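Residues in the sequence shown are numbered from 28 upward in steps of one, following the working numbering. These notes concern the structure reproduced below.
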Amino acid sequence: MENTNTPNPDFEKYLKNNLQKVNKSPDDELWGRIIHEQSRTNMRLKLKQYAWYALGVLVTLALVSGLWYDKLFDKNQKTGPEQEIQQPIQERKSEMVDVLGINAENDEPQTTRKSADIPASAPNFSTRINSVPGNTQSFQAEEGISYENPITGTTVKIPANSLMDTEGNAVYGEAELYFREYRSVADYLASGIPMHYTDDRGQYFFNSGGMFEVRVSQRGTPLSIKTGSDYTVNFSPTQNLKDASLYFLDDQSKAWEFIPEAAFGQQNLTKPPVASAMEVALNNIAKRGASCLPDLVTPVDNPNPAAFIKLGVQTGYDLATGKIIMPTWFKKNPFLTDNQLLFRLERGLIQIKWHKDQGRLFFPEDLNHYFTELTALKDCYFTFNADSMGGATNTKYASKNDYWQRIIISHEGGKDCFITLFDGKENQMQFHSVLKGSTENENFDPEAVMAEYNRLRNKRLQDFGAKNKALRSFLFAASIFKPEGEWCLSPQDWLEYFEQNHPMMADRYDKLITEGLAQNDELATKAWDDWQAKLLGLRFARNQDGSMNKEFASSSLRYSLRLSKFGTYNCDQIFRFGNGKNQYVLATYKTPEGVTINPFSVCLLERSSRIFITQPNVDKLFSAEGRRLDVIITDLNGRQYHYPAEKYASQPFDKNKSTVLTLDDVTERTNSPRAWMELLEI
28 MENTNTPNPD FEKYLKNNLQ KVNKSPDDEL WGRIIHEQSR TNMRLKLKQY AWYALGVLVT
88 LALVSGLWYD KLFDKNQKTG PEQEIQQPIQ ERKSEMVDVL GINAENDEPQ TTRKSADIPA
148 SAPNFSTRIN SVPGNTQSFQ AEEGISYENP ITGTTVKIPA NSLMDTEGNA VYGEAELYFR
208 EYRSVADYLA SGIPMHYTDD RGQYFFNSGG MFEVRVSQRG TPLSIKTGSD YTVNFSPTQN
268 LKDASLYFLD DQSKAWEFIP EAAFGQQNLT KPPVASAMEV ALNNIAKRGA SCLPDLVTPV
328 DNPNPAAFIK LGVQTGYDLA TGKIIMPTWF KKNPFLTDNQ LLFRLERGLI QIKWHKDQGR
388 LFFPEDLNHY FTELTALKDC YFTFNADSMG GATNTKYASK NDYWQRIIIS HEGGKDCFIT
448 LFDGKENQMQ FHSVLKGSTE NENFDPEAVM AEYNRLRNKR LQDFGAKNKA LRSFLFAASI
508 FKPEGEWCLS PQDWLEYFEQ NHPMMADRYD KLITEGLAQN DELATKAWDD WQAKLLGLRF
568 ARNQDGSMNK EFASSSLRYS LRLSKFGTYN CDQIFRFGNG KNQYVLATYK TPEGVTINPF
628 SVCLLERSSR IFITQPNVDK LFSAEGRRLD VIITDLNGRQ YHYPAEKYAS QPFDKNKSTV
688 LTLDDVTERT NSPRAWMELL EI
């Protein structure tokens with residue numbers, strides 16, 4: 028049957044009326060019921076979809092937290108910023124038993140710091156790592172080596188074919204010389220080397236005129252000098268010490284041995300002479316020479332007395348009136364040569380700039396504008412041969428973000444040049460290069476460019492040398508015009524005195540200029556002759572037999588030492604405080620938190636007299652009530668603590684009671700000699 032619509036007007040009217048009553052939008056109540064019934068279903072769906080994502084996030088957070096905690100824990104265990112290796116606890120404990128002969132109970136992890144320059148065979152004399160820098164030089168054992176420290180001028184000469192290995196066999200091939208010097212209290216502190224001496228007469232303190240360390244190795248194995256052979260060290264002490272002697276530090280016993288050295292006139296002695304504490308203090312703070320008489324010397328670079336006196340007087344006037352400024356380096360060490368100064372002071376900020384379009388073209392730019400000769404290279408570029416590079420890694424050179432401190436460009440003829448870059452850390456890079464003109468440089472002439480470069484470089488060096496010559500002439504000539512009250516000041520102390528008294532010094536030098544001593548050769552020569560005659564008369568009066576005072580005669584001498592062992596040597600006086608007996612009290616040491624400090628070494632420093640000592644016994648403290656002594660302690664873990672001199676001076680000492688000192692941990696602030704200088708203001 029076919030489906031058809033059945034007309035029903037009444038039914039259709041009924042539907043129409045009811046549909047008109049229906050609300051097109053659901054009311055709030057309806058939506059509320061829907062939300063309530065659907066909420067549980069929605070929650071299950073969300074958990075099902077996001078559960079795996081949440082699990083991944085939680086795992087990641089756990090890993091990051093673990094790594095952060097591990098890093099923080101490791102950082103807290105370190106003894107200083109240079110620390111790199113953490114040793115097992117048990118290994119360090121057994122080492123302390125061997126060194127001290129005691130039961131070193133300690134549950135804390137032990138740490139050491141490592142220096143990349145120090146040979147593996149070199150011993151360490153403290154629980155802290157020696158942070159004094161040294162120099163390494165390779166050489167052929169068959170040829171020997173003559174090495175000069177560019178900073179101090181000390182030389183080491185090892186003869187050819189003079190080395191043997193641990194079994195007594197002759198050594199051939201490449202060997203390595205390691206050389207290090209200790210020339211200040213800061214160096215002694217940073218080294219951890221013991222500064223006391225014992226013989227059958229008892230215990231003594233050292234007052235050092237400088238130490239040096241010589242070691243030779245081959246592929247990490249220590250070498251020795253052949254039996255019957257020796258090597259030479261030409262060494263100038265930091266000061267002339269009365270009754271100084273030479274000592275050798277035994278690597279195994281860690282004790283000093285007296286070396287009767289012919290250079291000190293002691294070849295027939297069996298025991299070193301003993302100085303008094305007063306002599307030690309005077310040696311440290313007083314001017315060299317007999318009873319503070321100035322030296323009879325002239326500048327090496329200006330032997331004409333009239334010339335250096337005229338230049339010295341004019342320079343003194345310019346310094347006193349502020350026309351020129353006295354350099355800091357000159358106040359600290361006025362006797363450095365020009366070459367030594369260049370090594371220390373020639374500092375630019377050099378960056379290799381690459382051509383933006385042609386990657387093989389570059390030019391050096393000094394951002395500090397110290398190397399004025401680089402201006403001659405304007406509108407020029409270099410190319411380099413990567414195979415010719417040496418002295419450093421290609422990676423460092425290729426980086427656009429690396430900087431160099433010094434640059435030397437040597438002209439080999441035509442366009443060929445040889446470039447040397449120094450990074451300030453005794454590393455260098457050398458390579459051959461070709462000089463090219465830029466596209467805009469139509470008149471490019473490599474010979475003319477390098478001639479201008481050399482002219483500017485020579486002018487810079489000549490100006491540098493002239494300034495230094497003027498300063499040295501000023502210092503040497505100043506002795507002639509000093510009143511006697513200034514004679515006992517060391518050169519450094521007098522320069523500081525000069526700087527603090529400019530008005531007085533300006534009057535002094537103004538009178539000298541008015542008298543004509545800055546212009547007239549005849550007057551300058553007469554001033555020199557009169558000064559010589561005055562000094563000779565004073566010396567003769569103080570030495571009735573006319574002989575030179577032994578101490579004065581040895582002033583500024585360089586000792587040529589013939590040595591048969593490699594290791595550490597010390598040019599020292601030995602002395603005792605007070606009445607010749609060193610007084611001690613029992614002492615314990617704590618941190619501000621009350622934690623006991625177990626000392627490995629105890630050092631004392633009197634800044635005013637520059638006396639620095641280490642105590643033979645760590646369980647006792649040298650007592651000198653009223654004296655201003657800084658106490659520095661290194662504990663069994665290599666951590667370092669400081670007790671200031673101001674507190675020591677007011678500390679009451681009772682020989683019948685144990686003294687308790689509370690020290691500050693300064694480990695993180697004392698990772699180098701410079702850091703010690705800054706901390707102690709020495």
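Cβ coordinates follow ideal geometry from the N, Cα and C atoms, glycine included. Remember, it's a predicted structure, so these values are computed and weren't measured experimentally.
Which residue or residues does DSSP assign as beta-bridge partners of residue i?
{"i": "T595", "result": "E240 and L276"}
{"i": "Q712", "result": "The first residue shown for the chain is 28 and the last is 709, placing residue 712 beyond what the model contains."}
{"i": "E284", "result": "F275"}
{"i": "D472", "result": "In the DSSP output, where bridge partners are listed per residue, D472 has none listed."}
{"i": "N234", "result": "Q600"}
{"i": "D691", "result": "H669"}
{"i": "T179", "result": "Answer by DSSP bridge pairing: none, since T179 is not bridged."}
{"i": "P249", "result": "S244"}
{"i": "E208", "result": "F239"}
{"i": "K184", "result": "S173 and T259"}
{"i": "F389", "result": "W381 and F409"}
{"i": "W431", "result": "I377"}
Helix, strand or coil, according to DSSP, for residue i in the structure here?
{"i": "A271", "result": "coil"}
{"i": "L368", "result": "helix"}
{"i": "I352", "result": "coil"}
{"i": "R499", "result": "helix"}
{"i": "Q527", "result": "helix"}
{"i": "I660", "result": "strand"}
{"i": "K380", "result": "strand"}
{"i": "F602", "result": "strand"}
{"i": "S699", "result": "coil"}
{"i": "E511", "result": "helix"}
{"i": "I436", "result": "strand"}
{"i": "S189", "result": "coil"}
{"i": "R484", "result": "helix"}
{"i": "E633", "result": "strand"}
{"i": "D8", "result": "An answer regarding residue 8 cannot be provided, because it is not within the stretch 28 to 709 covered by the chain."}
{"i": "S506", "result": "helix"}
{"i": "E162", "result": "According to the sequence provided, residue 162 is Asn. The question's Glu does not apply to it. Strand, per DSSP."}
{"i": "R535", "result": "helix"}
{"i": "A651", "result": "coil"}
{"i": "L394", "result": "coil"}
{"i": "K6", "result": "Any property of residue 6 remains undetermined from this structure, which presents the chain solely from 28 to 709."}
{"i": "Y215", "result": "helix"}
{"i": "F627", "result": "strand"}
{"i": "V260", "result": "strand"}
{"i": "F357", "result": "helix"}
{"i": "A743", "result": "The chain is shown from 28 up to 709; residue 743 falls before or after that span and cannot be answered."}
{"i": "A308", "result": "helix"}
Can you give me the start and stop residues for the beta strand (DSSP E) that residue i sits inside?
{"i": "M456", "result": "Q455 to G464"}
{"i": "F639", "result": "I638 to T641"}
{"i": "A672", "result": "Counting along the chain, A672 falls outside any beta strand (DSSP E), though it belongs to the alpha helix (DSSP H) covering A672 to A676."}
{"i": "S303", "result": "V301 to S303"}
{"i": "F335", "result": "Counting along the chain, F335 falls outside any beta strand (DSSP E), though it belongs to the alpha helix (DSSP H) covering P332 to A347."}
{"i": "L448", "result": "D443 to F449"}
{"i": "S587", "result": "Y586 to L590"}
{"i": "D227", "result": "Here D227 belongs to no beta strand (DSSP E), and DSSP marks it neither H nor E."}
{"i": "K617", "result": "Y611 to K617"}
{"i": "F411", "result": "C407 to F411"}
Round the Cβ separation of residue i and residue j to the nearest angstrom and send it over; I've been treating them as touching at under 8 Å.
{"i": "V260", "j": "T181", "result": "7 Å"}
{"i": "E201", "j": "S165", "result": "6 Å"}
{"i": "W521", "j": "E513", "result": "6 Å"}
{"i": "D257", "j": "S587", "result": "About 11 Å separates the two Cβ atoms, so there is no contact after all."}
{"i": "A213", "j": "I709", "result": "6 Å"}
{"i": "T163", "j": "Y205", "result": "5 Å"}
(request) Tell me, please, whether the segment 682 to 700 touches the segment 612 to 624 by the rule of three or more beta-carbon pairs shorter than 8 Å. (result) yes
(message) Using 8 Å as the cut-off, can you tell me whether the segment 476 to 486 makes contact with the segment 390 to 406, which would need three or more C-beta pairs spanning the two stretches below that distance?
(response) yes
(request) Tell me, please, whether the segment 665 to 673 touches the segment 263 to 274 by the rule of three or more beta-carbon pairs shorter than 8 Å. (result) The answer is no - the segment 263 to 274 does not touch the segment 665 to 673, with fewer than three Cβ pairs under 8 Å.
(request) Specify whether the segment 339 to 347 and the segment 660 to 671 touch according to this definition: at least 3 beta carbon pairs, one from each stretch, less than 8 Å apart. (result) no
(request) Indicate whether the contact test is met: 3 or more Cβ pairs, each with one atom in the segment 695 to 703 and one in the segment 635 to 652, closer than 8 Å. (result) no
(message) Whether or not the segment 273 to 280 and the segment 302 to 310 are in contact is what I'm after, with contact meaning three or more pairs of Cβ atoms, one per stretch, closer than 8 Å; do they touch?
(response) no
(request) Could you tell me whether the segment 150 to 163 touches the segment 646 to 662, where touching means 3 or more Cβ pairs closer than 8 Å? (result) yes
(message) Across the segment 187 to 202 and the segment 220 to 237, are there enough close Cβ pairs to call them in contact, namely three or more that are closer than 8 Å?
(response) no
(message) Would you call the segment 624 to 640 in contact with the segment 648 to 658, where contact means no fewer than 3 C-beta pairs closer than 8 Å?
(response) The way I'd put it, the segment 624 to 640 does touch the segment 648 to 658; three or more beta-carbon pairs between them come closer than 8 Å.
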